[in-house]
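Colleague: So in the working numbering, the last spot in the sequence shown is 600, and the numbers never skip.
Even for Gly, the Cβ is constructed at its ideal location relative to N, Cα and C.
If you're wondering where the values come from, they're calculated on a predicted model, not measured in any experiment.
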Amino acid sequence: MATLTAAKRLVVKIGSALLVDRNTGLLRSDWLHSLAQDVAWLKGQGTDVILVSSGSIALGRGVLGLPMATLPLEQSQAAAAVGQIRLARAYEEALTPHKITTAQVLVTLEDSADRRRYLNSRATLETLLGLGVVPIVNENDTVATDEIRYGDNDRLAAQIAVTVGADQLILLSDVDGFYSANPNEDALAKRFDIIEDITPEIEAMAGDAGSGLSKGGMKTKLLAGKMATAAGCDMAITEGSPLNPLKTLENGANCTWFIATVDPHAARKRWISAMKPRGEIVVDAGAARALSNGKSLLPAGIVEVSGDFGRGDPVSIMDPQARRLAQGLSRYTAQEADAIKGRKSTEIEATLGYPGRAVLIHRDDLAV
233 MATLTAAKRL VVKIGSALLV DRNTGLLRSD WLHSLAQDVA WLKGQGTDVI
283 LVSSGSIALG RGVLGLPMAT LPLEQSQAAA AVGQIRLARA YEEALTPHKI
333 TTAQVLVTLE DSADRRRYLN SRATLETLLG LGVVPIVNEN DTVATDEIRY
383 GDNDRLAAQI AVTVGADQLI LLSDVDGFYS ANPNEDALAK RFDIIEDITP
433 EIEAMAGDAG SGLSKGGMKT KLLAGKMATA AGCDMAITEG SPLNPLKTLE
483 NGANCTWFIA TVDPHAARKR WISAMKPRGE IVVDAGAARA LSNGKSLLPA
533 GIVEVSGDFG RGDPVSIMDP QARRLAQGLS RYTAQEADAI KGRKSTEIEA
583 TLGYPGRAVL IHRDDLAV
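#1: Kindly list the residues whose CB is nearer than 7 Å to the CB of Thr571, restricted to its own chain and excluding five residues on each side of it in sequence; keep chain order.
#2: At which residues does the beta strand (DSSP E) containing Gln553 begin and terminate?
#3: Report all residues from its chain with a CB closer than 7 Å to the CB of Ala228; omit the five preceding and five following residues, and keep chain order.
#4: Please tell me whether Lys573 and Glu536 are closer than 9 Å, where the distance is taken between their beta carbons.
#5: For the stretch 467-478 and the stretch 411-425, state whether three or more C-beta atom pairs, one from each stretch, are separated by less than 8 Å.
#6: Please check the pair Phe541 and Thr488, which I expect to be a contact at CB under 8 Å, by giving their CB distance rounded to whole angstroms.
#7: Between the alpha carbons of Ser266 and Glu568, how many angstroms are there, rounded?
#8: For Met613, which option in Ser473, Gln309, Ile289 has the closest C-alpha, if you only look at C-alpha atoms?
#9: Of the choices Val600, His330, Val284, whose alpha-carbon is the least far from that of Ile504?
#10: Between the alpha carbons of Val591 and Ile580, how many angstroms are there, rounded?
#11: Could you tell me which uninterrupted alpha helix (DSSP H) segments, each at least 4 residues in length, are contained entirely in the stretch 569-596, listed from first to last along the chain?
#12: Considering just the uninterrupted stretch of the alpha helix (DSSP H) at Lys245, what are its terminal residues?
#13: In angstroms with no decimal places, state the Cα-to-Cα distance between Arg293 and Ala460.
#14: Please confirm if the stretch 271-280 is in contact with the stretch 327-340, defined as three or more CB-CB distances below 8 Å between the two stretches.
#15: Would you verify that the beta carbon of Ala569 is, or is not, closer than 9 Å to some beta carbon of chain D?
#16: Could you give the C-beta distance for Leu251 and Ser285, rounded to a whole number, given that I count them as a contact under 8 Å?
#17: Suppose the cutoff is 6 Å on Cβ atoms and the five residues either side in sequence are ignored; what does the same chain contact list for Glu324 look like?
#18: Can you check DSSP and say which residues form a bridge with Asp280?
#19: Which first and last residues belong to the beta strand (DSSP E) in which Glu433 is found?
#20: Among Asp596, Gln336, Pro477, Arg521, which residue has its Cα nearest to the Cα of Gly247?
#21: Can you tell me where the beta strand (DSSP E) with Ala413 in it begins and where it stops?
#22: Name the residue from Arg555, Lys458, Gly409 whose alpha carbon lies nearest to the alpha carbon of Thr431.
#23: In whole angstroms, what separates the C-alpha of Gly362 from that of Ala355?
#24: Report yes if the C-beta distance between Ala463 and Ala492 is below 9 Å; otherwise report no.
#25: Counting along the chain, where does the beta strand (DSSP E) carrying Pro367 start and finish?
Quick look at the structure:
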C-alpha cells in the first residue's frame with residue numbers, strides 16, 4: 233500500500249463541497265486550516281505539494297447571492313472572478329502561519345493542448361516547487377468556455393500530476409473510494425482497496441452522480457486514474473471531509489489506490505524517446521560527458537544545429553563522432569538554438585535581444 237511520506241512530489245485535488253459549506257456558501261475555515269497542517273507536515277518530510285482546488289464559483293456564488301441551480305456561463309464566470317480572489321487569500325492565510333509561500337496558477341485546457349503553453353506551465357510550476365512554494369492550481373473559469381474547459385478538476389489534477397512528474401495524486405472526495413456500485417443505492421456494493429488495472433469491467437461500475445457543488449462523478453475519477461497511472465503516478469480516492477484529511481489517509485483511512493506500473497520519470501523518458509525528432513544538435517566532447525552524467529544541455533556545448541524545430545519539439549543529440557547520445561525537448565527554436573550555440577548562458581539575452589532560459593534542453597526533458 234502506498235504511503236504519502238514516500239512521495240517526492242504530491243498533487244492533491246480538493247473539491248468544492250469540502251471547502252464550501254453547502255448551506256451557507258461560506259468557507260469551511262477549520263477544515264482548510266487542518267489541511268494546511270497536513271501540507272506543512274508533508275513539506276517537513278521533503279515532499280513537494282501542489283493543491284488543485286475547486287471552490288471559486290461556489291464561494292463567488294454565495295457572495296453574489298446567486299442560486300444553487302446550474303448557472304449560465306456568464307454568471308459562472310462572474311462568480312469565479314469574485315470567488316477566486318477569496319479562495320487564493322484563504323489558502324495564503326491558512327499556509328502563512330506555517331511559513332509556506334503560496335502561488336495562484338490558473339489554467340485552461342488550451343494550456344496543456346498547446347505545446348508552448350504546456351512548456352510554460354511546466355517551467356513555472358517546476359520553478360515554484362524549486363523555490364519551496366505550494367502552487368494553488370485552478371481552472372481559469374473567468375475566461376474558459378466549454379470548448380477550452382477541463383470541465384472537472386479530477387482531470388485537471390491528473391494533467392497537473394503528469395505535467396510535473398508527480399509520484400502520487402490524491403483525490404479528496406465525498407466518497408471513501410471506488411465501489412462496485414453506488415453504495416448509497418446498493419447495500420452489496422464493495423469498495424476496492426487496490427486497483428492495478430482499469431479494465432472495461434471496472435469502468436462499467438462507475439456512475440455519474442456528483443455532489444451538489446461539484447461537477448465530477450466517478451467516471452471522471454477513473455479518467456483521471458487512467459491518465460495518472462499511465463504516466464507513472466499512483467492515485468488514491470478517499471473521503472476528504474474529516475479534519476486533517478491527508479494525515480487521516482496516511483493513518484489508514486478507507487480509500488482506493490490505483491497503482492502505476494512504471495516510475496513517473498521513466499514513463500516520461502520513454503515518451504520523449506519514442507517521439508519523432510524534428511531536428512539534430514551536435515555537441516562537443518565536454519557536453520557529451522555532461523549529458524552522460526545526467527546534466528542539462530547548455531548552449532555553450534553546442535557545435536551544430538540542423539532541422540526546423542520549434543520550442544518543445546523533440547531533437548536528436550549527437551556526439552562529435554555523429555553517434556546518437558540522446559533525444560530531448562528543446563526550449564528554443566532551431567533559429568534561436570543556432571544563434572546561441574557555443575555561447576554562455578549569460579550571453580543569451582544579448583544575442584537574442586530578449587531574456588531566455590539558461591539551458592537549451594533540461595535534464596528532465598532528456599532521454600539518454
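Modeller: Concretely, from the data shown:
#1: With the sequence shown as reference, residue 571 is identified as Ala, and Thr is not the correct amino acid for it. Hits under 7 Å: Thr583, Leu584.
#2: Unbroken run through Gln553: none, as it is neither H nor E.
#3: Beyond the ends of the chain as shown, which are 233 and 600, falls residue 228; an answer cannot be given.
#4: yes
#5: no
#6: About 42 Å separates the CB atoms of Phe541 and Thr488; that is not less than 8 Å, and the two are not in contact.
#7: 48 Å
#8: Not covered by the structure: residue 613. The range shown for the chain is 233 to 600.
#9: The residue among Val600, His330, Val284 with its C-alpha nearest the C-alpha of Ile504 is Val600.
#10: 10 Å
#11: 580-584
#12: Unbroken run through Lys245 is the beta strand (DSSP E), 241-246; no alpha helix (DSSP H).
#13: 31 Å
#14: yes
#15: Given the protein chain composition of this structure (a single chain), no chain D is represented.
#16: 7 Å
#17: Only residues of its own chain outside the window of five on either side were considered, and among them Thr334 have a CB closer than 6 Å to the CB of Glu324, listed in chain order.
#18: DSSP output for Asp280 lists Arg241 as bridge partner(s).
#19: Counting along the chain, Glu433 falls outside any beta strand (DSSP E), though it belongs to the alpha helix (DSSP H) covering 432-437.
#20: Pro477
#21: Segment: none, Ala413 is in no beta strand (DSSP E) and carries neither H nor E.
#22: Lys458
#23: Those two C-alpha atoms are separated by around 10 Å.
#24: yes
#25: 366-371
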